[in-house]
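Asker: Taken in sequence, the protein lines are chains A and B.
FYI, in my numbering the residues of the first sequence are 1 to 144.
FYI, in my numbering the residues of the second sequence are 145 to 278.
For every residue, glycine included, the Cβ atom is placed at its ideal position computed from N, Cα and C.
Have a look at this one before I ask anything.
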Amino acid sequence: MAATMKLSTLGYAASMLSTGLLDEQFQKLLLLQDGSDPNFVVEIITLFCEDGERTIGELTKQLDKRCVNFDEVADFVHKLEGSSATVGAQRVKNACIQFLEFCKEKSRDGCLKTLDTLRVVFYDVSGKFKAMLQLEQQQAEATK
Amino acid sequence: MTSYVEGSPVKALIVEDSAVETMVLSAMLRKFHCEITTAKNGKEAVQMFLEGKKFDIIFCDKDMPVMSGPEAIEKIRALGEIYVKIVGVSVGDNAQEAFMRVGANEFVPKPMKLDVVRAIIQEVIKKKKNNNTV
Numbered sequence: 001m002a003a004t005m006k007l008s009t010l011g012y013a014a015s016m017l018s019t020g021l022l023d024e025q026f027q028k029l030l031l032l033q034d035g036s037d038p039n040f041v042v043e044i045i046t047l048f049c050e051d052g053e054r055t056i057g058e059l060t061k062q063l064d065k066r067c068v069n070f071d072e073v074a075d076f077v078h079k080l081e082g083s084s085a086t087v088g089a090q091r092v093k094n095a096c097i098q099f100l101e102f103c104k105e106k107s108r109d110g111c112l113k114t115l116d117t118l119r120v121v122f123y124d125v126s127g128k129f130k131a132m133l134q135l136e137q138q139q140a141e142a143t144k
Numbered sequence: 145m146t147s148y149v150e151g152s153p154v155k156a157l158i159v160e161d162s163a164v165e166t167m168v169l170s171a172m173l174r175k176f177h178c179e180i181t182t183a184k185n186g187k188e189a190v191q192m193f194l195e196g197k198k199f200d201i202i203f204c205d206k207d208m209p210v211m212s213g214p215e216a217i218e219k220i221r222a223l224g225e226i227y228v229k230i231v232g233v234s235v236g237d238n239a240q241e242a243f244m245r246v247g248a249n250e251f252v253p254k255p256m257k258l259d260v261v262r263a264i265i266q267e268v269i270k271k272k273k274n275n276n277t278v
């Protein structure tokens with residue numbers, strides 16, 4: 001894979017920025033990549049998607065319990081809030097903030113409703129991230 | 145006190161349970177040629193100090209499994225580690241007080257900015273130069 005992301009991939013990222021799916025933090029992430037770590041952005045995005053999926057799975061399990069431990073739920077949400085803020089996944093971060101409010105209120109219904117929102121926004125951004133990485137991969141293959 | 149040898153890297157400890165956040169902060173610190181060690185929770189961090197490891201700076205998350213950041217910082221300071229710069233890092237609004245109460249030097253909200261990390265590392269380097277003892 002090239003040391004810098006291809007222009008078309010950057011264009012894909014730009015469209016995610018313009019629709020509010022990502023914020024300027026993602027642009028800062030792109031700037032951190034250099035020749036010494038050419039796969040940095042790919043690794044971060046991949047890790048974010050994997051961790052996020054695992055977290056959503058855990059949240060589903062936690063909220064399915066007869067007796068919900070809202071502190072434990074909040075811990076999982078907080079972790080996703082942090083990583084989404086770090087990669088610039090703005091809508092995921094905002095959904096997490098809302099989720100944490102319902103955790104504080106110990107509202108199972110509120111948490112379940114917000115989990116649905118979180119699931120939608122997370123899979124939206126992770127789907128687009130994966131498509132972006134596939135595009136990058138295809139272009140790298142094409143230039144070999 | 146750690147002796148400073150001209151050009152010796154800043155020894156940074158990242159205490160963070162999120163792999164994504166650890167990777168991003170590590171990438172930032174590498175830009176400033178820091179020697180990076182990571183711990184996944186407060187307990188691992190404290191253990192490092194118990195083993196005699198020394199660091200110039202700690203970037204410490206707040207909420208982690210096993211042992212939280214503030215709890216770890218309190219224990220690290222209680223070990224006599226009063227010179228290591230400790231930066232509390234969190235995405236939460238009300239984390240600053242929790243960190244400063246236990247002896248952190250500074251609080252930085254997440255997501256961390258490269259400029260902020262640069263300023264912090266430059267300060268640590270300056271302090272190391274000024275404390276040049278052998």
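Between V42 of chain A and K206 of chain B, what straight-line distance do the alpha-carbon atoms span, to the nearest angstrom?
Answerer: Residue numbering aside, residue 42 of chain A sits at position 42 when the first sequence is read from its first letter. Residue numbering aside, residue 206 of chain B sits at position 62 when the second sequence is read from its first letter. If I take the Cα positions, the gap works out to 27 Å.
Asker: Just grab the DSSP bridge partners of P253 of chain B for me.
Answerer: On the second sequence, residue 253 of chain B is found 109 positions in, with the first residue counted as 1. According to DSSP, P253 of chain B bridges with B:S234.
Asker: On the three-state DSSP scale, how would you describe L173 of chain B?
Answerer: Locating residue 173 of chain B in the second sequence gives position 29, counting from the first residue. Helix at L173 of chain B.
Asker: Give a yes or no on whether the C-beta atoms belonging to S84 of chain A and K93 of chain A are separated by under 9 Å.
Answerer: Reading the first sequence from its first residue, position 84 is the one you call residue 84 of chain A. Reading the first sequence from its first residue, position 93 is the one you call residue 93 of chain A. Yes; because the gap between Cβ atoms is below 9 Å, this pair is in contact.
Asker: Check whether the Cβ of F122 of chain A lies closer than 9 Å to any Cβ atom in chain B.
Answerer: Here residue 122 of chain A refers to the residue found at position 122 of the first sequence. F122 of chain A does not count as touching chain B.
Asker: Report the residues of the segment 68 to 97 of chain A with a CB closer than 7 Å to any CB of chain B, ordered along the chain.
Answerer: Listed in sequence order: D75, H78, K79, E81, G82, S83, A85, T86 and V87.
Asker: Are the Cβ atoms of L169 of chain B and E160 of chain B separated by less than 9 Å?
Answerer: Stepping through the second sequence from its first residue, residue 169 of chain B is reached at position 25. Stepping through the second sequence from its first residue, residue 160 of chain B is reached at position 16. A contact, by the Cβ cut-off of 9 Å.
Asker: Identify, in the order they occur along the chain, each residue of the same chain with its Cβ nearer than 7 Å to the Cβ of V252 of chain B, setting aside the five sequence neighbours on each side.
Answerer: Taking the first residue of the second sequence as position 1, residue 252 of chain B is located at position 108. Around V252 of chain B: V231, V233 and V260.
Asker: Which residue spans inside the segment 50 to 123 of chain A form an unbroken alpha helix (DSSP H) run of at least 4?
Answerer: Here the runs fully enclosed are 70 to 87 and 90 to 104.
Asker: Nearest-angstrom Cα distance between L63 of chain A and C111 of chain A?
Answerer: Locating residue 63 of chain A in the first sequence gives position 63, counting from the first residue. Locating residue 111 of chain A in the first sequence gives position 111, counting from the first residue. Cα to Cα, L63 of chain A sits roughly 8 Å from C111 of chain A.
Asker: 9 Å is my cut-off, CB to CB: does F163 of chain A come that close to chain B?
Answerer: The structure shown does not extend to residue 163 of chain A, since chain A spans only 1 to 144, so no value can be given for it.
Asker: Taking DSSP's pairing of strands, which residues face F203 of chain B in a bridge?
Answerer: Sequence index remark: in the second sequence, residue 203 of chain B carries index 59 (1-based). Partner(s): B:I158 and B:V231.
Asker: Looking at C-alpha atoms only, which residue of A:F102, A:G127, A:K28 and A:D34 is the closest neighbour of R174 of chain B?
Answerer: Position 30 of the second sequence, counting from 1, holds the residue named residue 174 of chain B. R174 of chain B has its Cα closest to that of A:D34, out of A:F102, A:G127, A:K28 and A:D34.
Asker: Which one or two residues does DSSP pair with I180 of chain B in a beta bridge?
Answerer: Here residue 180 of chain B corresponds to residue number 36 of the second sequence, with the count starting at 1. DSSP output for I180 of chain B lists B:A156 as bridge partner(s).
Asker: Taking three-plus beta-carbon pairs below 8 Å as touching, is the segment 43 to 50 of chain A in contact with the segment 72 to 90 of chain A?
Answerer: They touch, by the three-pair rule.
Asker: Looking only at its chain, what residues have a beta carbon closer than 6 Å to the beta carbon of F176 of chain B, apart from the 5 residues adjacent to it on each side?
Answerer: In the second sequence, the residue the question calls residue 176 of chain B occupies position 32. So the qualifying residues of the chain are I265.
Asker: Whose Cβ in chain B lies nearer than 9 Å to the Cβ of Q134 of chain A?
Answerer: Here residue 134 of chain A refers to the residue found at position 134 when the first sequence is read from its first residue. Residues of chain B passing the Cβ test: none, with the nearest at roughly 20 Å.
Asker: Using a C-beta cutoff of 9 Å, does E250 of chain B count as contacting chain C?
Answerer: Here the protein chains are A and B, and chain C is not one of them.
Asker: Below 8 Å, how does it come out for the segment 187 to 200 of chain B and the segment 118 to 135 of chain A: are there three or more Cβ pairs, yes or no?
Answerer: As far as the Cβ criterion goes, the segment 187 to 200 of chain B does not touch the segment 118 to 135 of chain A, which means the pair count is below three.
Asker: Name the chain A residues whose beta carbon is nearer than 8 Å to that of L173 of chain B?
Answerer: Locating residue 173 of chain B in the second sequence gives position 29, counting from the first residue. The contacting residues do not exist; L173 of chain B stays about 11 Å from chain A at best.
Asker: Tell me the rounded alpha-carbon separation between L22 of chain A and M16 of chain A.
Answerer: As a position in the first sequence, residue 22 of chain A is number 22, starting the count at 1. As a position in the first sequence, residue 16 of chain A is number 16, starting the count at 1. Each residue's Cα considered, the two are about 6 Å apart.
Asker: Strictly under 9 Å for the Cβ-Cβ distance: is D152 of chain A near chain B by that measure?
Answerer: What is shown of chain A runs 1 to 144, which leaves residue 152 of chain A out entirely.
Asker: Excluding the 5 residues preceding and the 5 following K184 of chain B in the sequence, name in chain order all residues of the same chain whose CB lies nearer than 6 Å to its CB.
Answerer: Within the second sequence, residue 184 of chain B is the residue found at index 40, counting from 1. Answer for K184 of chain B: D161, listed in chain order.
Asker: Would you kindly check if the distance between the Cβ of K79 of chain A and the Cβ of D124 of chain A is under 9 Å?
Answerer: Numbered from its first residue, the first sequence carries residue 124 of chain A at position 124. Numbered from its first residue, the first sequence carries residue 79 of chain A at position 79. Going by C-beta atoms, D124 of chain A is not nearer than 9 Å to K79 of chain A.
Asker: Closer than 8 Å by C-beta to K254 of chain B: which residues in its own chain qualify, once you throw out the five before and the five after it? Chain order, please.
Answerer: Along the second sequence, read from residue 1 onward, the residue named residue 254 of chain B stands at position 110. Closer than 8 Å at Cβ, skipping near neighbours: E165, V233, S234 and V235.
Asker: T60 of chain A and V77 of chain A - do their beta-carbons sit closer together than 9 Å?
Answerer: Looking up residue 77 of chain A in the first sequence gives position 77. Looking up residue 60 of chain A in the first sequence gives position 60. No, the pair does not count as a contact, with Cβ atoms beyond the cut-off.
Asker: Under 9 Å between C-beta atoms, does E165 of chain B make it to chain A?
Answerer: The count along the second sequence starts at 1 and reaches residue 165 of chain B at position 21. Cβ-Cβ to chain A under 9 Å: yes for E165 of chain B.
Asker: Just how far apart, CA to CA, sit K229 of chain B and A222 of chain B?
Answerer: Within the second sequence, the letter at position 85 stands for residue 229 of chain B. Within the second sequence, the letter at position 78 stands for residue 222 of chain B. About 14 Å.
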